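Peer 1:
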Amino acid sequence: MEINQLHVLLVCNLGASTGVMVTKMKEIAQNSEKLTNTDVKIEAHPAGELREYIEDFDVILVGPQIKHQLKHLSEIAAEYNKPIQVIDTKDYGTVNGANILKDAIILKMNK
1107 MEINQLHVLL VCNLGASTGV MVTKMKEIAQ NSEKLTNTDV KIEAHPAGEL
1157 REYIEDFDVI LVGPQIKHQL KHLSEIAAEY NKPIQVIDTK DYGTVNGANI
1207 LKDAIILKMN K
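Just so we're aligned, residue 1107 is where the sequence shown starts under our numbering, counting upward by one.
1) In the DSSP assignment, what are the bridge partners of V1128?
2) Over the uninterrupted alpha helix (DSSP H) stretch that includes G1177, give me the two end residues.
3) Once you ignore the five residues that flank I1160 on each side, which residues in its own chain have a CB closer than 8 Å to its CB?
4) Give me the DSSP bridge partner(s) of P1152.
5) My assumption, with CB atoms under 8 Å, is that L1176 sits in contact with V1201. Please give the rounded CB distance.
6) Can you name the start and end residues of the alpha helix (DSSP H) that L1141 belongs to?
7) Should L1179 be labelled buried (16 or more other beta-carbon atoms within 10 Å of its own) or exposed?
This is how it looks when you write it as C-alpha cells:
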C-alpha cells in the first residue's frame, strides 16, 4: 500500500528534545525510495500545544518522557480522529529515526 501523505507530529515537554529526532527522521524520509512520491512533514511541538497543531498531521507520536500524559493526549487525538502512540523508549534513546518513521507509517496505515 502506497501513502501519498505522511504528516507526523512529535509531542514532548517543550518541543526541543525531539528536535534532533525530527532532523533524523526527515533525513531518512528524504533518502527513502519508498517515500519518494510522498508528501512528508515532520514537526515537534510541546504537548500543551497539541490542539493548535493536530489538524495538520496524520499521526501523533508522544515522547517517552511524557508518556504519563498519554491518556489526556489520547482524548484530544480521539476528538480529531488521529492515531496516537508513545515512541519506543529504546528507539528514542538511540535516535533511531528509521524505526520511529516506520512506526509512524504503520500507525497511519492501521488508522
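No residue lacks a Cβ here, since even glycine has one placed at the ideal position from N, Cα and C. From a predicted model like this one, the values you see are computed outputs, not experimental measurements.
Peer 2: Result, derived from the coordinates:
1) By one-based count along the sequence shown, residue 1128 stands at place 22. BP columns for V1128 are empty, so no partner.
2) As a position in the sequence shown, residue 1177 is number 71, starting the count at 1. The sequence given here places Lys at residue 1177; Gly does not occur at that position. Taken as a continuous stretch (DSSP letters only), the alpha helix (DSSP H) holding K1177 covers 1176-1185.
3) For the purposes of this step, residue 1160 is identified with residue 54 of the sequence shown, where counting begins at 1. Excluding residues within five positions, the ones whose Cβ falls inside 8 Å are L1115, I1166, I1182, A1183, Y1186, K1188.
4) As a working mapping, residue 1152 is identified with position 46 in the sequence shown. Paired residue(s): C1118.
5) Against the sequence shown, residue 1176 aligns to sequence position 70. Against the sequence shown, residue 1201 aligns to sequence position 95. Rounded, the Cβ-Cβ distance is 21 Å, inconsistent with contact.
6) Against the sequence shown, residue 1141 aligns to sequence position 35. Looking at the DSSP string, L1141 is not in any alpha helix (DSSP H), and its letter there is neither H nor E.
7) By 1-based counting over the sequence shown, the position of residue 1179 is 73. By the 10 Å Cβ count, L1179 comes out buried.
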